[in-house]
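S.K.: Here numbering that gives the first Met the number 0 is used: the first residue of the sequence shown is 0, the next is one more, and so on.
For each residue, glycine too, the CB sits at the ideal point set by N, CA and C.
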Amino acid sequence: MVARRRSTVRLPAVTLCLLSVSAWGNPAAWHVNGEHGELWLLGSIHYLREQDYPLPPRIDELYRQADTLVMELDLDDLDLSAVQATFMEVGILPASTTLRTVLAPRVYDLTESRAADLGMPLMLLEHLEPWLVALTLMDLGMNRLGYRASQGLEQYLLRRSVADGKEILGLESLGDQISIFDSLSWADQEALLLHTLTDLQAPEAAMSKLVADWRDGNLDELALELTVDFEEFPELRTAIVSARNQRWAVKLEELLRSNGRYLVVVGALHLVGEDSVIELLSARGLNVTSIREH
0 MVARRRSTVR LPAVTLCLLS VSAWGNPAAW HVNGEHGELW LLGSIHYLRE
50 QDYPLPPRID ELYRQADTLV MELDLDDLDL SAVQATFMEV GILPASTTLR
100 TVLAPRVYDL TESRAADLGM PLMLLEHLEP WLVALTLMDL GMNRLGYRAS
150 QGLEQYLLRR SVADGKEILG LESLGDQISI FDSLSWADQE ALLLHTLTDL
200 QAPEAAMSKL VADWRDGNLD ELALELTVDF EEFPELRTAI VSARNQRWAV
250 KLEELLRSNG RYLVVVGALH LVGEDSVIEL LSARGLNVTS IREH
């Protein structure tokens, strides 16, 4: 069953897809008819700036049509201190192992340089697994640009749903998501870290391009920007994207067997490409329609 959540915990979402959006954009969205229910799919924006509000009218329209909000994570009964404790418990390197010993020298040096740029001494990250270093540096980089997870689309919709008394569901738990990263091989963790370090090389330019393409609903450009870095690391993409898409498609089809109206908000990376949630739902015989221009 899909995990239910009622929490309004504010913490950075664990994801690679960090987008912003113009206040007057026309984000792409999809409508899916099921056996008994219906849902709307929208790519999530985990980090936003204060100036990105108000959000595009399309988002409010979709929210008002749904009676249930579905997002990636199940945050039920979690608080920030508990989440941080879980990360630190799971993401610590084995004894006598350090970041320097598990990373290639060039990746380690680049990590040290990017961390210094963000005001983070590498000694504070030395005993963290590479995947957690990647997430930490990405969060710091976004915050430096003024983007906050607490101002992101998911937290915005979560607060509205709680205030309006709407049901809130999660497609996976925080533990599920952490285990995905923690189970990566050292090679894939290094690839993830290198992917993040590359993104941090020119974050403002990258974000500006993503903002424009999100605003215009330019799916071809989004697909290119969000998937190109994974081409050299197919196993990493399988773990972080493809396998999760498969699980989510099954759960969404399950939801559609009930009499409900669902707004499903997941990372935009999961809605583009050949193995996207959109393509998987269509392959399962469901009626998936783009509503971008409607």
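Helix, strand or coil for residue 261 per DSSP?
M.R.: In this structure, residue 261 counts as strand in the three-state DSSP scheme.
S.K.: Express the C-alpha separation of residue 160 and residue 167 in angstroms, rounding to a whole number.
M.R.: When rounded, the distance between both Cα atoms is 7 Å.
S.K.: Tell me where the beta strand (DSSP E) around residue 289 begins and ends.
M.R.: Per DSSP, residue 289 belongs to the beta strand (DSSP E) from 286–289.
S.K.: For residue 133, count neighbouring Cβ atoms within 10 angstroms of its own Cβ and tell me buried if that reaches 16, exposed if not.
M.R.: The residue is buried, with at least 16 neighbouring Cβ atoms inside 10 Å.
S.K.: Apply the 10 Å Cβ neighbour rule to residue 177 and answer buried if 16 or more other Cβ atoms are within range, or exposed otherwise.
M.R.: The residue in question, residue 177, is buried, as its Cβ has 16 or more Cβ neighbours within 10 Å.
S.K.: Where does residue 118 fall in DSSP's three states?
M.R.: Residue state, collapsed to three classes: coil.
S.K.: Hey, how far is the Cα of residue 128 from the Cα of residue 180?
M.R.: Distance between the alpha carbons of residue 128 and residue 180 is about 10 Å.
S.K.: Which runs of the alpha helix (DSSP H) spanning at least 4 residues fall entirely within the segment 50–105, listed in chain order?
M.R.: Entirely contained in the segment 50–105, the alpha helix (DSSP H) runs reaching 4 residues are, in chain order, 56–64, 79–89 and 98–101.
S.K.: From the DSSP output, in three-state form, read off residue 271 for me.
M.R.: Residue 271: coil per DSSP, three-state reduction.
S.K.: Which residues in the same chain have their Cβ closer than 6 Å to the Cβ of residue 263, if we skip the five residues on either side of it in sequence?
M.R.: If we look at residue 263 and ignore the five residues flanking it on each side, its Cβ neighbours are 38, 40 and 69.
S.K.: Compute the distance between the beta-carbons of residue 247 and residue 192, then report whether it is under 8 Å.
M.R.: No, the Cβ-Cβ distance between residue 247 and residue 192 is not below 8 Å.
S.K.: Express the C-alpha separation of residue 201 and residue 59 in angstroms, rounding to a whole number.
M.R.: If I take the Cα positions, the gap works out to 32 Å.
S.K.: Using a 10 Å radius around the Cβ and a threshold of 16 neighbouring Cβ atoms, would you call residue 52 buried or exposed?
M.R.: Residue 52 comes out exposed.
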